[in-house]
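What follows is a single structure, written as structure tokens, with notes after it.
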Amino acid sequence: MITDPISDFLTRIRNAQLVHLPEIVLPYSKIKFAIAKILEKEGYVGRVEKIEQAKMPSLRVELCYPSGQPRIQMISRVSRPSRRVYAKSTELPRVLSDFGIAIISTPNGMMTNKEARARHLGGEVICEVS
């Protein structure tokens with residue numbers, strides 16, 4: 037049993053990029069799909085899609101390797117089940133001086149730290165990506 041499915045999702049992406057896999061397939065959940073869609077929109081991964089398999093839906097994520105190097109250099113979980121991290125709109129993290137992104141769970145849904153700052157929304161800091 038996995039106690040933190042988001043950490044598992046991020047670790048699978050990290051490990052797949054280390055061995056240069058073209059895509060990964062993992063168990064589907066709404067929050068993982070939302071995180072993957074943000075990564076797709078920001079250009080960190082290729083196409084993201086929900087696929088229907090025999091019993092349970094899955095999530096397929098294509099990974100990007102421009103010039104032979106993984107597009108995601110660093111991906112780390114910030115808020116964990118044992119330690120939740122919340123931030124106000126004025127205190128949202130700046131990842132690599134805003135060259136990276138932080139994914140925030142706000143009352144208006146999942147979004148990047150830049151979008152949340154522009155909308156004056158705070159929330160739970162899920163992860164940081166650069």
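Residues in the sequence shown are numbered consecutively from 37, following this note's numbering.
Quick reminder that beta carbons are idealized off the backbone N, C-alpha and C, glycines included.
- Out of Gly158, Cys163, Arg155 and Gln53, the CA that lies nearest to the CA of proline 102 is found in Gln53.
- The C-beta distance from leucine 99 to valine 121 rounds to 27 angstroms, too long to fall under 8 angstroms, and the pair is not in contact.
- By the Cβ criterion, the stretch 115–131 is not in contact with the stretch 87–94, since fewer than three pairs of Cβ atoms, one from each stretch, lie closer than 8 angstroms.
- Asparagine 51 sits exposed, since fewer than 16 C-beta atoms from the chains shown fall within 10 Å of its C-beta.
- Pairing isoleucine 67 with isoleucine 42 gives a Cβ-Cβ distance under 8 angstroms.
- Straight through space, the alpha carbons of glycine 158 and glutamate 88 are spaced by roughly 34 angstroms.
- The DSSP-derived three-state label of glutamate 78 is coil.
- Residue burial is scored here from C-beta neighbours: valine 84 has at least 16 other C-beta atoms within 10 angstroms and is therefore classed as buried.
- Annotation: the continuous alpha helix (DSSP H) that includes serine 43 extends over 41–54.
- Membership of arginine 155 in the alpha helix (DSSP H) is indicated by the continuous run 149–155.
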